[in-house]
Structure formats: C-alpha cells, structure tokens
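Worksheet for the structure shown next.
Numbering (the UniProt record's numbering), first residue to last: 1 to 239.
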C-alpha cells in the first residue's frame, strides 16, 4: 500500500494490535458469529474422537468433510454483516453494502487499480503513537479480551498503548496453509462418499450430527486403508 499510495498517508498501520481495534472488533463478531462453533467442534474431535491435528491424513479428512460447510457459514455471515444497519455519526444509518454503493457517486470509484491521488503533504498526522486507535473499542472489555487472547506476544501489560520502538514490526504474522494430500485413491474416495451418505446425514448442519459424520468417516478410512495393499497408509490414519 505504501509503495502504491505513497508513504506518510496512514494507508497501513504499523504497530501493536491495539492500534487496529476496528479489525479486532470485526474478528470478535466473526468468532462469535460462527468461528467459535467450529473451534469447539475441532477441539472435541481432537480430545474425544481421535483427530490428530499434526496428521496430514486427518487434516485432509477434515477438509473433505467440513470445508464446504465452513465456507457456507462464512458466506452467510458475510451476507448478514454486509446488510446489517450500522449507526453512522453525522449521517443516516446504513448497512456496509449501502455505504459502499452510495459512496461511488459521493466519493468516486475506488480500488487497488484506480489512479492514486497525490499525497497531501500538508496534512498533519498528529500523535503517531495514537494514530488509528479506536478508543471506543479500546474501552470495550469484551473486544480487548478477545484481542489479548489472540495477540499475547504483542501485548505490553504495563503500558498497552506504548508506541512501537520501530516503524515496522519485528515479525509479520504469516500462516502457511498447504493443502494436505489425499491418502486415498479416487476410487476409494468415491467409495467413502457413497458409504458415508448411506449411513449418515452429511447435509445436516447440527454439530452433533457432524460429529457422527466424522466418527463414521474415520472408521471407514480405517477399514479402507487396512485392506491388503493399503497397509502403507495405516500410520497416516492412526497418527
């Protein structure tokens, strides 16, 4: 953003997470909207139903069974969020979708590929250490507790609003998610799907039913991989 828009415009906020409480507020809503449900579900599978999170074969089975359902939950939450009404200071209450749509005639088209405006060098940024802080969110205990739970390494307990010692953080967050390889042949995947649909309601959105889907699918994978010629995969399932 700084390379494209120019530096000194506040296009990107470097510093502690307390300076990004707007996105933290959104993550709080996402977590309580549907994320916590799936976290609790996966924790239960790991604790009670033989899921090994470090086993690529188990992760493949999770993706195969539930990735579509997670994406469906996310898409529905996005639709709800984009259409819920927000209180707008000094303006009419609008949904995010309305604000995006009506901003085109009011402010002009925007995007990554529009012509960047000339930087306003006369603009005074003010106190850099407080730039971007959403004080209303900072006073919300629920949002701040959510931030602390997910950003322990960035928190200074003695001074939560201390400015960063560097203009750039020492470590950028990165999560590399390589798609797990399928331990089954295409024919075996087809067999798994047919037998699973015949015994479980794979379309159900009830988490207790989804737990049964996992248990049955796990047992079917054990059976399929335990056949002669498939023993090489047994360690992948047991983990």
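Even for Gly, the Cβ is constructed at its ideal location relative to N, Cα and C.
As the structure is a computational prediction, the values presented were derived from the model and not from experiment.
Exercise. Since residue 225 contacts residue 183 with CB under 8 Å, what's their CB separation in whole angstroms?
Worked result: Locating residue 225 in the chain shown gives position 225, where the first residue counts as 1. Locating residue 183 in the chain shown gives position 183, where the first residue counts as 1. Sure, about 7 Å apart at Cβ, within 8 Å.
Exercise. Based on the DSSP secondary-structure assignment, which residues constitute the bridge partners of residue 94?
Worked result: Here the question's residue 94 lines up with position 94 in the chain shown. In DSSP, residue 94 forms a bridge with 86.
Exercise. Is the region 198-216 touching the region 41-53 in the sense that three or more CB pairs, one from each, lie closer than 8 Å?
Worked result: yes
Problem set entry | residue 85 versus 105, 77, 79 and 94, residue with shortest Cα-Cα distance | Counting from one through the chain shown, the residue named residue 85 turns up at place 85. Comparing Cα positions, the closest option is 94.
Exercise. Given a threshold of 16 other Cβ atoms within 10 Å of its Cβ, counted over all protein chains shown, does residue 147 qualify as buried or as exposed?
Worked result: As a position in the chain shown, residue 147 is number 147, starting the count at 1. Counting Cβ neighbours within 10 Å, residue 147 comes out buried, since at least 16 surround it.
Exercise. So, helix, strand or coil for residue 163, using DSSP?
Worked result: Here residue 163 refers to the residue found at position 163 of the chain shown. Low local confidence applies: a pLDDT of 47 at residue 163 is under 50, so the model's placement there is unreliable, with the coordinate-based value given in what follows. Here residue 163 sits in coil by DSSP.
Problem set entry | Residue burial classification, residue 79 (beta-carbon count within 10 angstroms, cutoff 16) | For the purposes of this step, residue 79 is identified with residue 79 of the chain shown, where counting begins at 1. Looking at its Cβ environment, which holds fewer than 16 other Cβ atoms inside 10 Å, residue 79 is exposed.
For this session: Would you kindly check if the distance between the Cβ of residue 37 and the Cβ of residue 207 is under 8 Å?
Result: In the chain shown, the residue the question calls residue 207 occupies position 207. In the chain shown, the residue the question calls residue 37 occupies position 37. Closer than 8 Å, so yes.
Exercise. Buried or exposed: which applies to residue 102, given that a residue is buried once 16 or more other Cβ atoms fall within 10 Å of its Cβ?
Worked result: Here residue 102 refers to the residue found at position 102 of the chain shown. Exposed, since its Cβ has fewer than 16 Cβ neighbours within 10 Å.
Exercise. Is it right to say residue 220 is buried, meaning 16 or more other beta carbons lie within 10 angstroms of its own, or is it exposed?
Worked result: Taking the first residue of the chain shown as 1, we reach residue 220 at position 220. Looking at its Cβ environment, which holds 16 or more other Cβ atoms inside 10 Å, residue 220 is buried.
For this session: Report yes or no: do three or more beta-carbon pairs, one from the region 196-206 and one from the region 25-36, lie closer than 8 Å?
Result: no
Exercise. Taking the alpha carbon of residue 65 as the point to measure from, which residue in 83, 204 and 27 has its own alpha carbon closest?
Worked result: Residue mapping note: residue 65 aligns to position 65 of the chain shown, counting from 1. Taking only the C-alpha atoms, the option nearest residue 65 is 204.
Problem set entry | Residues near residue 97 by beta carbon distance below 7 Å, same chain, minus five either side | As a working note, residue 97 is residue 97 in the chain shown. Closer than 7 Å at the Cβ level, and outside the excluded window around residue 97, lie 82 and 83.
Problem set entry | For residue 24 and residue 228, the rounded distance between their alpha carbons | For the purposes of this step, residue 228 is taken as the residue at position 228 of the chain shown. For the purposes of this step, residue 24 is taken as the residue at position 24 of the chain shown. So the alpha carbons of these two residues sit roughly 51 Å apart.
Exercise. Is residue 49 helix, strand or coil when you go by DSSP?
Worked result: To locate residue 49, count along the chain shown from 1; it is residue 49. DSSP places residue 49 in coil when its eight states are reduced to three.
For this session: Mind reading off the beta-carbon distance from residue 217 to residue 61? Whole number of angstroms is fine, and I expect it under 8 Å.
Result: Working through the chain shown from its first residue, we reach residue 217 at position 217. Working through the chain shown from its first residue, we reach residue 61 at position 61. Confirmed, Cβ separation roughly 6 Å.
Problem set entry | Boundaries (first-last residue) of the alpha helix (DSSP H) holding residue 221 | Along the chain shown, one-based indexing puts residue 221 at 221. Taken as a continuous stretch (DSSP letters only), the alpha helix (DSSP H) holding residue 221 covers 207-225.
Exercise. Between residue 190 and the rest of its own chain, which residues show a CB-CB distance below 7 Å, the 5 nearest in sequence each way excluded?
Worked result: Indexing the chain shown from 1 puts residue 190 at position 190. For residue 190, where only same-chain residues beyond five positions count, there are no Cβ hits under 7 Å.
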